[in-house]
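Under the numbering used here, think of the first position of the sequence shown as 1, with each following residue one higher. Where is the CB? At the ideal position from N, CA and C, for every residue including glycine. All figures in this text were calculated on a predicted structure; none of them were measured in a lab. Each remark here refers to the structure printed beneath this line.
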Amino acid sequence: MAKLRVNNTDFFWKHADILYASAGVNPSGYDERIIPFIALKVLIDYGKVKFNLDYQNNFGLSEKEFAEIKGSNLRETFFNLVSNMEKFSNFKYMVQQQKYNNPKSKSRKKENAIKYFVEAFNFEKHIKELSDDYLLEAILDIYNEVNFKEVPKEQFKDLYETTISRMRKGKQRGFNGDFMGQHFTQSATVRLMCEVAYSKMRTKKKIAIYDPACGVGMMLLESYFFFKEKGIKEIEVYGQEID
């Protein structure tokens with residue numbers, strides 16, 4: 001399996017090319033399509049789910065397990081697999097829905113966080129917009145090329161940020177591509193904020209970082225690793241996002 005180089009954005013750009021060619025997706029919508037597959041592959045590579053993306057070998061499932069999710073075509077099969085992630089999960093993290101956050105929630109019990117994965121990332125929509133199985137095969141092949149466990153966690157933010165930067169700067173196919181600030185706060189800005197804050201908390205043993213509009217959490221990641229490098233050992237991170 002090839003090793004992913006974080007300074008090479010061609011990996012995600014291949015996915016972007018498929019989205020443009022097959023569904024006419026504007027570059028401003030690439031991120032919401034690419035992130036679900038990144039998140040899914042990270043879960044797979046870290047052993048949080050029992051399957052993989054090798055569709056030619058039943059997604060790594062036993063014949064009995066595969067029979068339970070097999071559909072009439074690859075798209076249906078893949079969606080059935082993702083929809084049943086809780087059944088094929090080693091994920092241990094629990095969440096509790098609060099009424100003020102989700103009025104539709106009927107349960108006050110803690111539930112496995114994997115349950116909300118498909119809904120949060122809108123997998124059904126993104127799978128259906130691909131016009132045929134061949135395009136889904138191509139995307140699965142792209143993510144099968146790499147193992148995210150080989151990428152240092154502090155570089156995860158760069159995988160996404162460098163790709164979005166390329167989309168923003170590129171003016172290919174007639175798109176303006178200028179989406180500055182809509183997807184992320186630039187690293188230099190985040191580090192400047194952290195430098196100012198650090199001057200007032202350098203003696204602290206424990207700190208908390210909060211982002212009320214965290215998006216995919218890159219500002220939280222950048223801040224976390226900044227203060228970790230400064231020697232602060234106990235860091236709690238809180239993010240909130242309406243979308």
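Taking just the CA atoms, how far does residue j sit from residue i?
i      : j      : result
PHE225 : GLU154 : 7 Å
LYS48  : ILE114 : 9 Å
GLU229 : VAL237 : 16 Å
PHE156 : ILE44  : 15 Å
THR162 : MET85  : 29 Å
ASN57  : ASN80  : 16 Å
ALA188 : VAL196 : 13 Å
LYS205 : TYR93  : 26 Å
THR203 : ILE232 : 9 Å
LYS14  : ASP141 : 11 Å
ILE127 : LYS200 : 48 Å
ILE242 : PHE148 : 27 Å
GLU63  : SER89  : 17 Å
VAL42  : VAL146 : 10 Å
PRO152 : ALA39  : 15 Å
ASP158 : LEU192 : 18 Å
LYS70  : ASN52  : 15 Å
ASN257 : ILE139 : Look at the range of the chain in this structure, 1 to 243, and you will see that residue 257 is not part of it.
PHE91  : SER22  : 33 Å
GLU68  : THR77  : 10 Å
TYR116 : LYS125 : 15 Å
GLY174 : VAL95  : Confidence is the limiting factor: at GLY174 the pLDDT is only 44, short of 50, which leaves the residue's position unreliable and the question unanswerable from this model.
Within its chain, find whatever has a CB closer than 7 Å to the CB of residue i; leave out the 5 residues flanking it on each side and keep chain order.
i      : result
ASP54  : GLY60, ASN144
LEU220 : ILE209, ASP211, CYS214, VAL237, GLY239
VAL190 : MET219, GLU222, SER223
LEU19  : VAL25, TYR30, ARG33
TYR46  : LYS149
Among the residues of its own chain, which have a CB less than 8 Å from the CB of residue i, if the five just before and after it don't count?
i      : result
ASP133 : ASN73, LEU74, ARG75
PHE227 : CYS194, TYR198, ILE207, ILE209, ILE235
PHE66  : ASN58, PHE59
Using a Cβ-Cβ cutoff of less than 6 Å, which residues in the same chain neighbour residue i once the five nearest sequence positions on both sides are dropped?
i      : result
LEU136 : LEU74, ARG75, LEU130
ALA16  : TYR30
VAL82  : VAL118, PHE123
VAL37  : Checking the displayed sequence, the identity of residue 37 turns out to be Phe instead of Val. So the list reads TYR143, once near-sequence residues are dropped.
LYS109 : none
THR185 : MET219
LYS50  : PHE88
Using DSSP bridges, identify the partner residues of residue i.
i      : result
LYS206 : GLU234
GLU68  : Bridge partners of GLU68: none, in fact.
GLY239 : ASP211
ASN112 : MET94
VAL49  : SER89
With hydrogens ignored, establish whether the beta-carbon of residue i is closer than 7 Å to any heavy atom of the ligand FMN.
i     : result
ALA16 : Annotation note on the ligand FMN: not contained in the displayed structure, which lists no ligands.
Can you check whether the C-beta of residue i is within less than 8 Å of a C-beta belonging to chain D?
i     : result
ASN58 : The structure shown has no chain D; it contains just one protein chain.
Exercise. Within the stretch 117-169, note down every full alpha helix (DSSP H) run reaching 4 residues or more, in order along the chain.
Key: 117-121, 123-128, 133-144, 156-169
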